[in-house]
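*Asks:* For the sequence shown, the numbering used here begins at 17 and goes up steadily by one. From the three backbone atoms N, C-alpha and C, an ideal C-beta is built for every residue, glycine too.
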Amino acid sequence: MPAILAHGALGPFDEIIFIGIAVIFLGMMGLSWLRSQALEDEELESGEPATATDAEHFELE
Numbered sequence: 017m018p019a020i021l022a023h024g025a026l027g028p029f030d031e032i033i034f035i036g037i038a039v040i041f042l043g044m045m046g047l048s049w050l051r052s053q054a055l056e057d058e059e060l061e062s063g064e065p066a067t068a069t070d071a072e073h074f075e076l077e
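#1: For residue 14 and residue 37, I'd like the C-alpha separation in whole angstroms.
#2: Distance check for residue 77 and residue 46, CA to CA, integer angstroms please.
#3: Quick check on residue 121: does DSSP put it in helix, strand or coil?
#4: Give the straight-line distance between the Cα atoms of residue 74 and residue 26, rounded to the nearest whole angstrom.
If you want it as structure tokens, here you go:
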């Protein structure tokens with residue numbers, strides 16, 4: 017099998033390692049995306065605008 021993605025000293029195992037890492041990365045990104053879709057967005061649900069007179073915020077000059 018010719019080296020397509022990776023061609024190092026490990027021969028065909030380079031391909032297996034490269035593809036395995038890519039699958040793990042894409043799987044983790046997919047799970048992260050699914051978890052973020054399941055979370056509720058508190059900022060959109062509140063419906064109240066942020067007040068500029070809050071003690072934690074300072075007016076810019």
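*Replies:* The answer reads as follows:
#1: Residue numbering for the chain in the displayed model covers 17 to 77; residue 14 lies beyond these limits and cannot be assessed.
#2: Stepping through the sequence shown from its first residue, residue 46 is reached at position 30. Stepping through the sequence shown from its first residue, residue 77 is reached at position 61. When rounded, the distance between both Cα atoms is 43 Å.
#3: Residue 121 cannot be examined here, being either before or after the span of the chain that is shown, 17 to 77.
#4: As a working note, residue 74 is residue 58 in the sequence shown. As a working note, residue 26 is residue 10 in the sequence shown. Straight-line Cα distance between these residues: approximately 59 Å.
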